[in-house]
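Student:
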Amino acid sequence: GAVVSQHPSRVICKSGTSVKIECRSLDFQATTMFWYRQFPKKSLMLMATSNEGSKATYEQGVEKDKFLINHASLTLSTLTVTSAHPEDSSFYICSARGAFHDTQYFGPGTRLTVL
Amino acid sequence: DQQVKQNSPSLSVQEGRISILNCDYTNSMFDYFLWYKKYPAEGPTFLISISSIKDKNEDGRFTVFLNKSAKHLSLHIVPSQPGDSAVYFCAASLGKGGSEKLVFGKGTKLTVNP
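Protein sequences appear in the order of chains H and G.
Reminder that position 26 of the first sequence reads as 26 in the working numbering, one-by-one numbering, no gaps.
Every position in the second sequence, counted from 1, becomes a number in the working numbering once 115 is added.
This is the structure:
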């Protein structure tokens, strides 16, 4: 149990376009979802935390207008990178936890490359 | 400011021997620590955790030791197997186990040679 999926697994886009990444909890209801970003040879950095039906809480230094997060249901959260630029190229990973979980379950990640 | 540090980017051990991965932290408010294993192009998989009220937690071949006074924890894998080859991340949490915000180290790439 506790499976989290992400789609797409890999995306290449042109600079200036927007990209949407989906995170789904497949076998549990995710009351909280987290979005992380990992640059090469760096640690995973939390970008934002979202609770179902509420606005996301962004970490310091993360632009909320650039990284739009929607957690409209208990099984789906989306991250939209708006007006993407090459410096946004990174590995984006989501995690989710249910109401009775004491840990987070991670998705497989999405590799974003902005040309 | 790196609050969770894994100072060894890589570690190589022989199959059957012990692997010891180290992690240091600076924030004394962290009260829960976790280890994750990650393969390339995949998300982290939870391995083992420890609460700050304990100094040791064991699960099969994996044991985590916590030294609060030194702000240091380590993951021991014994015996090491080739399938253990992966990047291991240490993470710390400020509460509610690992269900809240996690602060990760940079990871240590473990290679277990047959």
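Heads up, the beta-carbon is just placed ideally off N, CA and C, and yes, glycines get one too.
State the CB to CB distance for the pair H:L74 and H:Q29, rounded to an integer number of angstroms; the pair is presumed to be in contact (CB under 8 Å).
Tutor: As a working note, residue 74 of chain H is residue 74 in the first sequence. As a working note, residue 29 of chain H is residue 29 in the first sequence. Contact holds; Cβ gap of about 4 Å.
Student: Is the beta carbon of H:A99 closer than 8 Å to that of H:C23?
Tutor: Translated into the one-based positions of the first sequence, residue 23 of chain H becomes position 23. Translated into the one-based positions of the first sequence, residue 99 of chain H becomes position 99. Their beta carbons are not under 8 Å apart, which means H:C23 does not touch H:A99 by this criterion.
Student: Find the residues of chain H that neighbour G:L162, judging by a C-beta separation of less than 9 Å, and give them in chain order.
Tutor: By one-based count along the second sequence, residue 162 of chain G stands at place 47. Contact note: G:L162 does not reach chain H at a C-beta cutoff of 9 Å; the least C-beta distance is about 10 Å.
Student: If the cut is a Cβ gap below 9 Å, which residues of chain H does G:L217 touch?
Tutor: The residue labelled residue 217 of chain G in the question sits at position 102 within the second sequence. Near G:L217 (Cβ distances below 9 Å), the residues of chain H are F34, Y36, L44, L46, S95 and Q104.
Student: For the beta strand (DSSP E) that contains G:E173, what are its first and last residues?
Tutor: Here residue 173 of chain G corresponds to residue number 58 of the second sequence, with the count starting at 1. Unbroken beta strand (DSSP E) run through G:E173: K171 to D174.
Student: Can you name the start and end residues of the beta strand (DSSP E) that G:P164 belongs to?
Tutor: The residue labelled residue 164 of chain G in the question sits at position 49 within the second sequence. Per the sequence shown, the amino acid found at residue 164 of chain G is Ser instead of Pro. Per DSSP, G:S164 belongs to the beta strand (DSSP E) from T160 to S166.
Student: How is H:E87 classed by DSSP in three states: helix, strand or coil?
Tutor: Position 87 of the first sequence, counted from the first residue, corresponds to residue 87 of chain H. Three-state DSSP puts H:E87 in a helix.
Student: Helix or strand or just coil, what does DSSP make of G:D70?
Tutor: Limits of chain G in this structure are 116 at one end and 229 at the other, which puts residue 70 of chain G out of reach.
Student: Okay, do the stretch 214-224 of chain G and the stretch 36-52 of chain H touch, 3+ Cβ pairs below 8 Å being the bar?
Tutor: Yes, the stretch 214-224 of chain G touches the stretch 36-52 of chain H.
Student: Opposite G:Y154 in the DSSP bridges: which residues?
Tutor: As a working mapping, residue 154 of chain G is identified with position 39 in the second sequence. Answer is none; G:Y154 lacks a bridge partner.
Student: Residues of chain H with a CB under 7 Å from the CB of G:G220: which are they?
Tutor: Numbered from 1 along the second sequence, position 105 holds the residue referred to as residue 220 of chain G. Near G:G220 (Cβ distances below 7 Å), the residues of chain H are S43.
Student: Of all the residues that make up the stretch 135-161 of chain G, which are near chain H by a beta-carbon distance shorter than 8 Å?
Tutor: Sequence-ordered contacts of the stretch 135-161 of chain G with chain H read L149, Y151, A156, E157, G158, P159, T160 and F161 [C-beta pairs closer than 8 Å].
Student: Go to H:L76, then tell me how far its beta strand (DSSP E) extends in each direction, as first and last residue.
Tutor: Along the first sequence, read from residue 1 onward, the residue named residue 76 of chain H stands at position 76. Note, H:L76: beta strand (DSSP E), L76 to V81.
Student: I'd like to know whether the C-beta of G:F204 is nearer than 8 Å to at least one C-beta of chain B.
Tutor: Any reference to chain B falls outside this structure, whose protein chains are H and G.
Student: Given that H:P108 touches chain G, what residues does it touch there, using C-beta distances under 8 Å?
Tutor: Position 108 of the first sequence, counting from 1, holds the residue named residue 108 of chain H. Going along chain G in sequence order, the residues near H:P108 (Cβ under 8 Å) are A156, E157 and G158.
Student: Shortest alpha-carbon distance to H:A2 belongs to which of H:P8, H:M33 and H:K14?
Tutor: The residue you call residue 2 of chain H lines up with position 2 of the first sequence. Per the Cα distances, H:M33.
Student: Taking only three categories from DSSP, how would you classify H:N70?
Tutor: Counting from one through the first sequence, the residue named residue 70 of chain H turns up at place 70. Strand, per DSSP.
Student: Which residues, in order along the stretch 58-89 of chain H, keep a beta-carbon less than 8 Å from a beta-carbon of chain G?
Tutor: none
Student: Between which two residues does the beta strand (DSSP E) harbouring H:M47 extend?
Tutor: By 1-based counting over the first sequence, the position of residue 47 of chain H is 47. Its beta strand (DSSP E) spans residues L44 to N51.
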